[in-house]
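S.K.:
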Amino acid sequence: MCVLSDCTHIWKGLLSSNWLLEEANKLKARYNAAMTPAHLAAHILDPKYRGEGLDEEEDTMGMEFIDLSYPQAIKDVLTYRAMSFPFKDYMFKEDLLKRTYVSVWWRSLGSKIDPGMINLTNQVYTATASCARIERLFSTFGLVHSKLRNRLGTKKAAKLVTVMRALNPGSRGSSYVDEDEVEELTVLSLSLINISTYSINNKQNIMNMIDLIGSRSTYPICLCQ
Numbered sequence: 204m205c206v207l208s209d210c211t212h213i214w215k216g217l218l219s220s221n222w223l224l225e226e227a228n229k230l231k232a233r234y235n236a237a238m239t240p241a242h243l244a245a246h247i248l249d250p251k252y253r254g255e256g257l258d259e260e261e262d263t264m265g266m267e268f269i270d271l272s273y274p275q276a277i278k279d280v281l282t283y284r285a286m287s288f289p290f291k292d293y294m295f296k297e298d299l300l301k302r303t304y305v306s307v308w309w310r311s312l313g314s315k316i317d318p319g320m321i322n323l324t325n326q327v328y329t330a331t332a333s334c335a336r337i338e339r340l341f342s343t344f345g346l347v348h349s350k351l352r353n354r355l356g357t358k359k360a361a362k363l364v365t366v367m368r369a370l371n372p373g374s375r376g377s378s379y380v381d382e383d384e385v386e387e388l389t390v391l392s393l394s395l396i397n398i399s400t401y402s403i404n405n406k407q408n409i410m411n412m413i414d415l416i417g418s419r420s421t422y423p424i425c426l427c428q
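If you want the working numbering, it's the position in the sequence shown, counting the first as 1, plus 203.
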């Protein structure tokens, strides 16, 4: 699953590629629109990246987000960045990090770190960076929260979405409903635009998409599938 830190890493990789000046300016503008303090905090707290590649301003924004969200967790964050106890060297081995979900990595520390740190990482790394699941939810949400039923409120509408997806499983062929997807409906913006179908290695495809939505500057782009 692509999480916020992976999304940030992909964006950084694109920005470091060779672009014409006009293309680079467009890409940078889209990057600035897509990135939030939560993305930067996720990049800092992901042991695969540890904030490497962020500039000083971005690093500060990420750390301030952590401090404002969970002040009690900041001590553990500083310890983590210094790779001091209880963050032992073997925990940062590349092979281990490739095979371990970052949320599991943090939960493995258990009582050795502040509960606020666990809560923070759970929230940051359960927010998906993929548009596909969210778009399916929006389609269902549009049927539930129509012009005639427009005073339901988000929480009540989310419950009805859960029921509707259970009764209409579609291609899944069962009554399975991912509760995490429904939860995302209450916390994620409706303004994600998916370009995951475009190869991130194809510059022309990327620039065509950026040109297409260039005037919609408040809409962040999601790069993950």
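Ideal placement from N, C-alpha and C gives every residue a C-beta, glycine not left out.
#1: With distances taken between CB atoms, is the gap from G256 to D262 smaller than 7 Å?
#2: Are the stretch 215–223 and the stretch 277–295 touching by the rule of at least three beta carbon pairs closer than 8 Å?
#3: Buried or exposed: R233, going by 16 or more other Cβ atoms within 10 Å of its Cβ?
#4: Using the Cα positions of A244 and V206, report the straight-line distance between them to the nearest angstrom.
#5: Any contact between the stretch 339–349 and the stretch 358–366? By contact I mean 3 or more CB pairs, one from each, below 8 Å.
#6: Shortest alpha-carbon distance to V305 belongs to which of N325, E225, I213 and A332?
#7: How should A369 be labelled, buried or exposed, when 16 other C-beta atoms within 10 angstroms of its C-beta is the threshold for buried?
#8: With distances taken between CB atoms, is the gap from Y311 to Y252 smaller than 7 Å?
#9: Excluding the 5 residues flanking R284 on each side, which residues of the same chain have their C-beta closer than 8 Å to its C-beta?
#10: Would you decide whether M286 is buried or exposed? Buried here means 16 or more other CB atoms lie within 10 Å of its CB.
#11: Give the DSSP bridge partners of T357, in chain order.
#12: Can you check whether the CB of P250 is closer than 7 Å to the CB of L300?
#13: Taking the C-alpha atoms as reference points, what is the distance between N228 and K315?
#14: Distance check for S342 and G356, CA to CA, integer angstroms please.
#15: Tell me whether T282 sits in a helix, a strand or coil according to DSSP, three-state version.
#16: Which residue wins for smallest C-alpha separation from H212, given the options E259, L230, V327 and H242?
#17: Please state if the CB of L230 and the CB of Y273 are separated by a distance shorter than 7 Å.
#18: So, under 8 Å CB-CB, F290 and T282 are touching, yes? Tell me the CB distance rounded to an integer number of Å.
#19: Unbroken alpha helix (DSSP H) runs of length 4 or more, entirely within the stretch 213–295: which are they?
#20: Can you check whether the CB of C210 is closer than 7 Å to the CB of A330?
#21: Which one of D292, D298, N371 and A237 has the shortest CA to CA distance from R339?
#22: I believe W309 touches I321 by the beta-carbon criterion, under 8 Å. Please report the beta-carbon distance rounded to the nearest angstrom.
M.R.: Result, derived from the coordinates:
#1: No, the pair does not count as a contact, with Cβ atoms beyond the cut-off.
#2: Contact fails: fewer than three Cβ-Cβ distances are below 8 Å.
#3: Flag for R233 reads buried.
#4: Rounded to the nearest angstrom, the two C-alpha atoms are 12 Å apart.
#5: With the cut-off at 8 Å, the stretch 339–349 and the stretch 358–366 touch.
#6: Nearest C-alpha to V305 among N325, E225, I213 and A332: N325.
#7: Classification for A369: exposed.
#8: A small correction: the amino acid at residue 311 is Ser; Tyr does not occupy that position in the sequence shown. No, these two residues do not count as a Cβ contact at 7 Å.
#9: For R284, the CB contacts under 8 Å within the same chain, skipping 5 residues up- and downstream, are I247, R253 and G254 in chain order.
#10: The residue is exposed, with fewer than 16 neighbouring Cβ atoms inside 10 Å.
#11: DSSP, once it has assigned bridges, lists no residue as partnering T357.
#12: Yes, the Cβ-Cβ distance between L300 and P250 is below 7 Å.
#13: Their Cα atoms are separated by approximately 44 Å.
#14: Inter-residue distance for G356 and S342 is about 17 Å (C-alpha atoms, whole angstroms).
#15: Secondary structure of T282 (DSSP, three-state): helix.
#16: Looking only at E259, L230, V327 and H242, the smallest Cα-Cα distance to H212 is reached by H242.
#17: In this structure, L230 does not lie closer than 7 Å to Y273 by Cβ.
#18: Right, their Cβ atoms sit about 7 Å apart.
#19: Within the stretch 213–295, the complete alpha helix (DSSP H) runs of at least 4 residues are 224–237, 240–248, 259–272 and 277–284.
#20: The Cβ atoms of A330 and C210 do not sit closer than 7 Å to each other.
#21: If we check each option's Cα against that of R339, N371 comes out closest.
#22: Correct: roughly 6 Å between the Cβ atoms.
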